[in-house]
Each structure stands twice: as C-alpha cells, then as structure tokens.
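If you count by the UniProt record's numbering, then the sequence shown holds residues 1 to 71, one letter each, in order. Note that the Cβ used here is the ideal one computed from N, Cα and C, for glycine as well. Remember, predicted model here, so these are calculated numbers, not experimental data.
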Amino acid sequence: MNNRLKVLRAERNWSQNDLAERLDVSRQSVNAIETGKYDPSLPLAFRIAELFGLTIEEVFESPSRRRSGAI
C-alpha cells in the first residue's frame, strides 16, 4: 500500500525512530510501512493519521483506487 508517511515525517524533521516512539512501535515497523513492505493494522493506521492531523485516506492510498486510476 502506498503512503505519504516518509514525506509527512520529513516535513516535521522526525527520524524513523522519533516517529516510532510517538506511535509506540519499532523503527523497523516504521521503515516497513514507509517502504510498503508492511500494511499497518487499522488501529495503527488511525494512530498514524491522528498523529499528523489527517484522515487515513490522506496518509494511505487504497491499492484498488491506484489500479483504477481514480484519485
């Protein structure tokens, strides 16, 4: 699943470790989410979105919407 996590984190000058601490997950988890190797659970996705003051849809791109070309 594509996401804007790396960009959002960089805009705040947070390291992966900074974000991991704020979310109470490992740095490796943050890296895996940023690179699309791991899709977060729904509760974690909500925590991520809330941390940045955004909706889940503003952080994560639905794979089905990407395939259809919809935005």
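For N3, does the three-state DSSP call read helix, strand or coil?
In the structure shown, N3 falls within a strand segment according to DSSP collapsed to helix, strand and coil.
I believe L5 touches I48 by the beta-carbon criterion, under 8 angstroms. Please report the beta-carbon distance rounded to the nearest angstrom.
7 angstroms
For R9, which of G53, E61, M1, P63 has the nearest alpha-carbon?
G53
Report the partner residues of S60 according to the DSSP bridge assignment.
Residue identity differs from the one stated: residue 60 is Phe in this sequence, not Ser. DSSP output for F60 lists N3 as bridge partner(s).
Does D40 come out as helix, strand or coil in the three-state DSSP assignment?
The residue you asked about is not Asp; residue 40 is Pro in the sequence shown. Coil, per DSSP.
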